[in-house]
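Quick mapping for you: the protein sequence lines, in order, are chains R and A. The opening residue of the first sequence carries number 39 in the numbering used here; numbering runs sequentially from there. The opening residue of the second sequence carries number 39 in the numbering used here; numbering runs sequentially from there. By construction, the Cβ of each residue, glycine as well, lies at the ideal position given by its N, Cα and C atoms. It should be emphasised that the depicted structure is a prediction, and the values quoted were computed from it without experimental measurement.
There are 2 protein chains.
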Amino acid sequence: MLMKSGPESARKPRPVGPRREEILAAALKLFGEHGMHAVTTRQIAAAVGISQPSLYAFFPNRQALEAEVCTRAFEELTSRITAGLAALKRGNSGICKLGRIYVDFGLENPDAYRLAFMVEKPDPVSIVSGGEDPILAAGLKAFHLLREAVGLTVGSGLRPQELEFLAQSQWAALHGLVSLLLARPNFPWRKRNRLIEFHISRVFA
Amino acid sequence: MLMKSGPESARKPRPVGPRREEILAAALKLFGEHGMHAVTTRQIAAAVGISQPSLYAFFPNRQALEAEVCTRAFEELTSRITAGLAALKRGNSGICKLGRIYVDFGLENPDAYRLAFMVEKPDPVSIVSGGEDPILAAGLKAFHLLREAVGLTVGSGLRPQELEFLAQSQWAALHGLVSLLLARPNFPWRKRNRLIEFHISRVFA
DNA sequence: ACGAATAACCTATCATCGATAGCCTATCTT
DNA sequence: AAGATAGGCTATCGATGATAGGTTATTCGT
Chain R
39 MLMKSGPESA RKPRPVGPRR EEILAAALKL FGEHGMHAVT TRQIAAAVGI
89 SQPSLYAFFP NRQALEAEVC TRAFEELTSR ITAGLAALKR GNSGICKLGR
139 IYVDFGLENP DAYRLAFMVE KPDPVSIVSG GEDPILAAGL KAFHLLREAV
189 GLTVGSGLRP QELEFLAQSQ WAALHGLVSL LLARPNFPWR KRNRLIEFHI
239 SRVFA
Chain A
39 MLMKSGPESA RKPRPVGPRR EEILAAALKL FGEHGMHAVT TRQIAAAVGI
89 SQPSLYAFFP NRQALEAEVC TRAFEELTSR ITAGLAALKR GNSGICKLGR
139 IYVDFGLENP DAYRLAFMVE KPDPVSIVSG GEDPILAAGL KAFHLLREAV
189 GLTVGSGLRP QELEFLAQSQ WAALHGLVSL LLARPNFPWR KRNRLIEFHI
239 SRVFA
């Protein structure tokens, strides 16, 4: 069933190069415009200027393409948080600032954020393939940075287990606001900026 | 473009009766077993014992069937929260219990919850048509009950505007946990039950 | 009681989707 | 120049949601 993953056993080549990047860029754009599962492989191919079956020379299937776009979205988030964490370590800002970075990232990159956290169906590959899910790995990295920041802020008065609870809870709370603002922009929200400030200050209170 | 919605202008009849209920019940069961978008109309029809095109005598399309299943799920949530709110008014329980009801519902009805609050791309129809999305409406009703409960709990020491801030923030926090647990079940979460308790107690602290 | 209306269902068929099979062509290496 | 290979093509598949049009059976007015 499962294919051996030796160096020459890949039935489908995974070339690297500009073409592949073009495809990923086009897919990201289309996913963002119309929603991931509303975009067909034919649309992606047309956007790049190749035929639909040609996609399968670069990606074994549609899921793999989606997964890679998602992974890159996470990497972008990770780099932002890394920068925020560095500022926090230098004492230039507090944890609330980091929360604000997180929320702002989600609102400024709705496509990437949606792909990262608002997937309709969790990737089944991540279960079958034995935990080698690159998307999950990328997400974990971003979360670990956030947890590190929380750990720095609350000091050493907390056991690691409790820190984990706290970090997961705070992450969920932040995500909730981003997620709802993105999913239901028409809801009669309070003034967005003030709501965000209010929420963040409560989350890290 | 838009069809006139007079009493006789419906192109597809929407009969009521036991058959229609059978279909909804079968769909609910299948959606729960395999996930909503992994179930085909042919499977639903087979479960009821009719042909696939026969479904379209009862529902104009697949989305309408999904929407009705989800709307009914949210009516269940509303009734649960209503009961919880009544208990709270009688002083039999606290607001945390209501939070728990909300979270539990989301986890037990992932498809309905996803459809209401985790849409990838908000349905443009629901914007144009003036917010007639029945699923969203059902979800909002639940929120309003929650807000009422928050108002009761914090007492009258809060201006309505501040209550709105608080309720929206708390709702977002609750939603965040539900949303992440649904979207990323493979994430190394702390023990689910304890995480939920921890999170809720923090949200309403 | 009888014929028409209608509810409920069928088969046959479509267009579209993701995916596969098999062939062609330009470029690069030796 | 010959061969290998990256990259692409057309043709086609099975599955899916949806439509068209005909058929049966129950209900209902006369």
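Own chain partners of residue i with C-beta closer than 7 Å, once the 5 adjacent residues on each side are dropped
{"i": "residue 115 of chain A", "result": "143 and 180"}
{"i": "residue 187 of chain R", "result": "123, 126, 133 and 136"}
{"i": "residue 279 of chain R", "result": "Nothing can be reported for residue 279 of chain R: it is not among the residues displayed for chain R, which extend from 39 to 243."}
{"i": "residue 100 of chain R", "result": "79"}
Rounded distance between the beta-carbons of residue j and residue i, thought under 8 Å
{"i": "residue 92 of chain A", "j": "residue 214 of chain R", "result": "About 41 Å; that fails the 8 Å criterion."}
{"i": "residue 183 of chain R", "j": "residue 119 of chain R", "result": "5 Å"}
{"i": "residue 242 of chain A", "j": "residue 137 of chain A", "result": "6 Å"}
{"i": "residue 68 of chain R", "j": "residue 85 of chain R", "result": "6 Å"}
Alpha-carbon to alpha-carbon, residue j and residue i
{"i": "residue 141 of chain A", "j": "residue 111 of chain A", "result": "14 Å"}
{"i": "residue 57 of chain A", "j": "residue 95 of chain A", "result": "11 Å"}
{"i": "residue 197 of chain A", "j": "residue 228 of chain R", "result": "14 Å"}
{"i": "residue 64 of chain A", "j": "residue 70 of chain A", "result": "10 Å"}
{"i": "residue 80 of chain A", "j": "residue 89 of chain A", "result": "7 Å"}
{"i": "residue 127 of chain R", "j": "residue 82 of chain A", "result": "56 Å"}
{"i": "residue 152 of chain R", "j": "residue 97 of chain A", "result": "30 Å"}
{"i": "residue 59 of chain R", "j": "residue 59 of chain A", "result": "49 Å"}
{"i": "residue 157 of chain A", "j": "residue 226 of chain R", "result": "17 Å"}
{"i": "residue 139 of chain R", "j": "residue 236 of chain R", "result": "15 Å"}
{"i": "residue 87 of chain R", "j": "residue 62 of chain R", "result": "13 Å"}
{"i": "residue 234 of chain R", "j": "residue 108 of chain R", "result": "25 Å"}
{"i": "residue 155 of chain R", "j": "residue 131 of chain A", "result": "33 Å"}
{"i": "residue 113 of chain A", "j": "residue 150 of chain A", "result": "11 Å"}
{"i": "residue 146 of chain A", "j": "residue 199 of chain A", "result": "33 Å"}
{"i": "residue 129 of chain R", "j": "residue 129 of chain A", "result": "46 Å"}
{"i": "residue 102 of chain R", "j": "residue 224 of chain A", "result": "18 Å"}
{"i": "residue 185 of chain R", "j": "residue 185 of chain A", "result": "30 Å"}
{"i": "residue 222 of chain R", "j": "residue 117 of chain A", "result": "23 Å"}
Buried or exposed by the 16-neighbour rule on C-beta atoms within 10 Å, applied to residue i
{"i": "residue 72 of chain A", "result": "exposed"}
{"i": "residue 168 of chain R", "result": "Summary for residue 168 of chain R: the model assigns pLDDT 47, below 50, so the residue's position carries little reliability, and this model does not support an answer."}
{"i": "residue 190 of chain A", "result": "exposed"}
{"i": "residue 205 of chain A", "result": "buried"}
{"i": "residue 78 of chain A", "result": "exposed"}
{"i": "residue 148 of chain A", "result": "buried"}
{"i": "residue 194 of chain R", "result": "exposed"}
{"i": "residue 177 of chain A", "result": "buried"}
{"i": "residue 208 of chain A", "result": "buried"}
{"i": "residue 18 of chain R", "result": "The question about residue 18 of chain R has no answer, for chain R in this structure spans 39 to 243."}
{"i": "residue 232 of chain R", "result": "exposed"}
{"i": "residue 106 of chain R", "result": "buried"}
{"i": "residue 76 of chain A", "result": "exposed"}
{"i": "residue 121 of chain R", "result": "exposed"}
Listed by chain order, chain A residues near residue i by CB distance under 7 Å
{"i": "residue 240 of chain R", "result": "207"}
Proximal residues of chain A, C-beta to C-beta of residue i below 8 Å
{"i": "residue 176 of chain R", "result": "In chain order: nothing, as chain A lies at least about 12 Å away."}
{"i": "residue 182 of chain R", "result": "Per Cβ cutoff of 8 Å: no residues; residue 182 of chain R is ~11 Å from chain A at best."}
{"i": "residue 155 of chain R", "result": "217, 218, 221 and 222"}
{"i": "residue 112 of chain R", "result": "Under the 8 Å cutoff, chain A gives no residues; its nearest Cβ is about 11 Å from residue 112 of chain R."}
{"i": "residue 249 of chain R", "result": "This structure cannot settle anything about residue 249 of chain R, because the visible part of chain R is limited to 39 through 243."}
{"i": "residue 212 of chain R", "result": "214"}
Under 9 Å by beta carbon: chain A residues contacting residue i
{"i": "residue 230 of chain R", "result": "Under the 9 Å cutoff, chain A gives no residues; its nearest Cβ is about 11 Å from residue 230 of chain R."}
Sequence-distant residues of the same chain with beta carbon closer than 6 Å to residue i, five excluded per side
{"i": "residue 211 of chain R", "result": "241"}
{"i": "residue 220 of chain A", "result": "148"}
Residue i: CB within 6 Å of a non-hydrogen atom of the ligand NAD
{"i": "residue 91 of chain R", "result": "The ligand NAD is absent from the structure shown, which contains no ligand whatsoever."}
Listed by chain order, chain R residues near residue i by CB distance under 8 Å
{"i": "residue 233 of chain A", "result": "203, 206 and 207"}
Close beta carbons around residue i, own chain, < 8 Å, minus the five adjacent residues each side
{"i": "residue 192 of chain A", "result": "201 and 204"}
{"i": "residue 239 of chain A", "result": "134"}
Interface partners of residue i on chain R, CB under 7 Å
{"i": "residue 236 of chain A", "result": "203 and 207"}
Within chain R, the residues that residue i reaches when beta carbons sit closer than 9 Å
{"i": "residue 225 of chain A", "result": "174, 177, 178, 181 and 206"}
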